[in-house]
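*Asks:*
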Amino acid sequence: MATQNRSTFEVLEDSRINCLSVMTSMLIREYLDMAKDAYLNRGGITGQREKLQTTSAIRIRKRMVDDIQQGAVLPPLVVGVVLTPIVFKKFRSATKKIQREILDNTEADRLSIIDGMQRTTALFEAFNEKSPPPDRKVRVEFWIAEDTGSLIYRMLVLNTGQVPWNLRRQIEVVFRSLVLELKSSIKTLEVLETTQARRRSKGGQFQADDLIELFLVFGARKEKIDIRERLADEFTRLDFMEAAAKDDFTRDYCQALTELVFLDMAFDKFRGAKGDQGRFVSGKDLFSSQPACVGFMTALALDIFGRPGVVRGESEQRKKLRANIVKLTNLRKKLDVLDDEALGNFLCLQTLSESLSRIKTSQSVGNSEREFFLNAFQVLLEEGADLVSMEPCWRAY
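Numbered according to the numbering used here, the sequence shown spans residues 12 to 408.
In C-alpha cells, the structure reads:
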C-alpha cells in the first residue's frame, strides 16, 4: 500500500470509538493494487459484498463505470485498518511521515473495505482491460483502530439507510482482523479456516464461519437471527450497534469465547465407548454442534447484558461477567478431577440425545435446538459447580 503519491494526509481523532480518521488521496492504480491484495488474501472483494443484481443496481453500476471512464470523481472510499495496540499508540503520536510508513507496511490481513464496495467493483470493471491513467486519483479515508469492535460500529453507522447488506455480511468484512485478535487473546483456540476443509478433531477447534455467528448472537443477545426477515434484521442491527458501541465489547466477546473454549476442552476429556453410534457420543461432540455453541454464548450474553432492550450499566455488566467466569472456573475445576466414567455420567449425553429426539415443533430443527441449548446453558450458568450432572440442563426445555 504505497503512500508516496498522496498529496493530502489529514488526521482527525474520533474520541467516541477511539479511532483515527485519515483522509487522503491516492492513485487509482495504487488503490486497485491494495484492493487486489485483499482479494488474494480473502477470496476477493466480491466475497466481502456480493454485487447487487437488481435491474436498477446493474444500471446504476453501469452508469458509474461509464462516468469513471470519462473522468468522474467518486466519493471517498473507506478502508478499515486494525493495528496492534503498540503500533496504534505509535501511530497516534507519530509524525505524518512515520504515519505514512506505518500504513505502507500494514499487512493486507489488517485491511478491510468498510464502505464503498460497489464503487470498488465499478473501478475494477472500468479498468478491467486497460490501466487507469497514471495521474488519476481517488479519495480514500482510512479508519484506524486497535480493535475490530470500533470498525464494526463505524461500518454499521456508515451503512445505515443504504441498500443493506445483511448483518452477517457486514461482520464478514472485518472478520479477518477479528480472527487475528481472537488468536492473540485465546492461545488455546484453533481457528479452522473454510479453505482448509478440515473437520474438528478435538476440543478448542472451531470453524471461522461459526465464530462469525457466535459474534452475532453474543452482540444481539438472541439465539436465532433471521437475516431473511428485513424487519427482524433491522432490530438485530440496532441491538448489535448498541453492543458494538461499548469500548470493551470485543474484549467481552473474547472472554466469553475463552470460557466456551475452556469448557469444550474440559468436556473433550470424555472419550466415550468405542463403537457407540450417534450424534453425541464423546465430550467433543457437544460443542461440535453449532446450536450448542450458540446456546452457550447467548446464555452468557443475556446474563451479562440483559435481554434486548434492557440497558445495564457498565459496572453491573463487569460484575455479571466476573461472576460467570468464577462459576465456570469452579465448574471446570470440578470436572478436571473426574475420571472418564465419572465425566461421562456428569455429561449425560444419552439423556441429551433422548431429549432432542422428543422435540416437536413447527419451526426449523436448527432453531428449536438453539432454543433447547439456550435453556440448557442458562441452567448451567445458574447452578455452576453445584450441578451433580447435566441432566437438569437437558430437561429444561
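Quick reminder that beta carbons are idealized off the backbone N, C-alpha and C, glycines included. The structure presented is a predicted model; accordingly, all values stated were derived computationally and were not measured.
Candidates R369, P86, P87, N116: which alpha carbon is nearest V98's?
*Replies:* N116
*Asks:* Identify every residue that forms a DSSP beta bridge with W154.
*Replies:* S32, G91
*Asks:* Can you name, in chain order, every residue of its own chain whose Cβ lies under 6 Å from the Cβ of I315, other than the five neighbours on each side?
*Replies:* Q328, K331, L332
*Asks:* Determine the DSSP secondary structure at E24, reduced to helix, strand or coil.
*Replies:* strand
*Asks:* Check the DSSP bridge columns for I124 and list the partner residues they point to.
*Replies:* Under DSSP, I124 forms a beta bridge with V90.
*Asks:* Do you know whose CA, among L122, K107, P87, lies nearest M45's CA?
*Replies:* Distances from the CA of M45 to each of L122, K107, P87 were compared; the closest alpha carbon is that of L122.
*Asks:* Can you find at least 3 beta carbon pairs, one from the region 98-107 and one from the region 161-168, that sit closer than 8 Å?
*Replies:* no
*Asks:* Below 7 Å CB to CB, which residues in the same chain sit around L76 once its five sequence neighbours on both sides are set aside?
*Replies:* Strictly speaking, residue 76 in this sequence is Val, with Leu absent from that position. Counting only Cβ-Cβ distances below 7 Å, and skipping sequence neighbours, we find A133, E136, A137.
*Asks:* F217 lies in the beta strand (DSSP E); which residues open and close that run?
*Replies:* 216-218
*Asks:* For the alpha helix (DSSP H) containing V337, name the first residue and the last one.
*Replies:* 325-347
*Asks:* I'd like the list of long-range same chain contacts for E192, defined as Cβ closer than 8 Å, with 5 residues on each side in sequence excluded.
*Replies:* Taken in chain order, the residues that qualify are V93, D158, T159, T261, C265.
*Asks:* Do the CB positions of I155 and C30 come within less than 9 Å of each other?
*Replies:* Yes, the pair counts as a contact, with Cβ atoms nearer than the cut-off.
*Asks:* Rounded to whole angstroms, what is the Cα-Cα separation between K257 and K280?
*Replies:* 36 Å
*Asks:* I'd like to check one pair, I223 with L162: are the Cβ atoms closer than 9 Å?
*Replies:* no
*Asks:* From S400 to L313, what distance separates their C-alpha atoms?
*Replies:* Cα-Cα distance, rounded: 23 Å.
*Asks:* Out of G215, K213, L225, point me to the one whose CA is closest to L189's CA.
*Replies:* L225
*Asks:* Can you tell me which of the three DSSP states F99 falls into?
*Replies:* Note: F99 maps to helix in three-state DSSP.
*Asks:* Out of curiosity, what's the CA-to-CA distance linking L200 and T131?
*Replies:* 34 Å
*Asks:* From the DSSP secondary-structure annotation, give me the bridge partner or partners of V149.
*Replies:* M37
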